[in-house]
Amino acid sequence: MKNKIEFPVFVDKEGVGPPCIGWACGMPGSMWEWYFFEKESDDIYFAYVMGDENEWGKVSINELQAAGIKVIFNAKVLNDIFPPLGWTKKGVLSR
Numbered sequence: 000m001k002n003k004i005e006f007p008v009f010v011d012k013e014g015v016g017p018p019c020i021g022w023a024c025g026m027p028g029s030m031w032e033w034y035f036f037e038k039e040s041d042d043i044y045f046a047y048v049m050g051d052e053n054e055w056g057k058v059s060i061n062e063l064q065a066a067g068i069k070v071i072f073n074a075k076v077l078n079d080i081f082p083p084l085g086w087t088k089k090g091v092l093s094r
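Residue numbers (numbering that gives the first Met the number 0): 0 to 94.
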């Protein structure tokens with residue numbers, strides 16, 4: 000029997016905490032990060048973006064990868080990343 004994959008749950012200041020199903024970090028020196036919380040289509044995810052402004056929005060995985068940005072969807076790796084600035088890590092959610 001295989002173990003279930005567990006994704007980290009990050010909680011914002013208002014207590015909202017969906018499971019983080021993916022993460023990407025910009026090229027060196029850019030300081031941008033993308034935290035993916037919901038898949039909307041094959042290429043589009045709803046994400047929290049930390050960049051010039053911190054905001055929620057839709058992100059194209061293909062566009063990030065075309066810019067040379069590595070996108071991670073491995074739950075084991077995701078459990079080792081820090082949550083967005085000002086958020087906390089609540090735990091994990093099996094999917």
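Glycine included, each C-beta is placed from N, C-alpha and C at the ideal position. Just so we're clear, the structure is a prediction, and the values are computed from it rather than from any experiment.
Close CB contacts of glutamate 62 within its chain, under the 7 Å cut and outside five residues either way in sequence, are absent. Cβ neighbours of tryptophan 31 within its own chain (closer than 6 Å, five residues either side excluded): Gly25, Gly50.
Checking the DSSP bridge columns, you'll see lysine 88 partnered with Phe9. Counting only residues of its own chain and dropping the five nearest sequence neighbours on each side, lysine 69 has a CB closer than 7 Å to the CB of Ala23. Look at lysine 75 here: in three-state DSSP terms it is helix.
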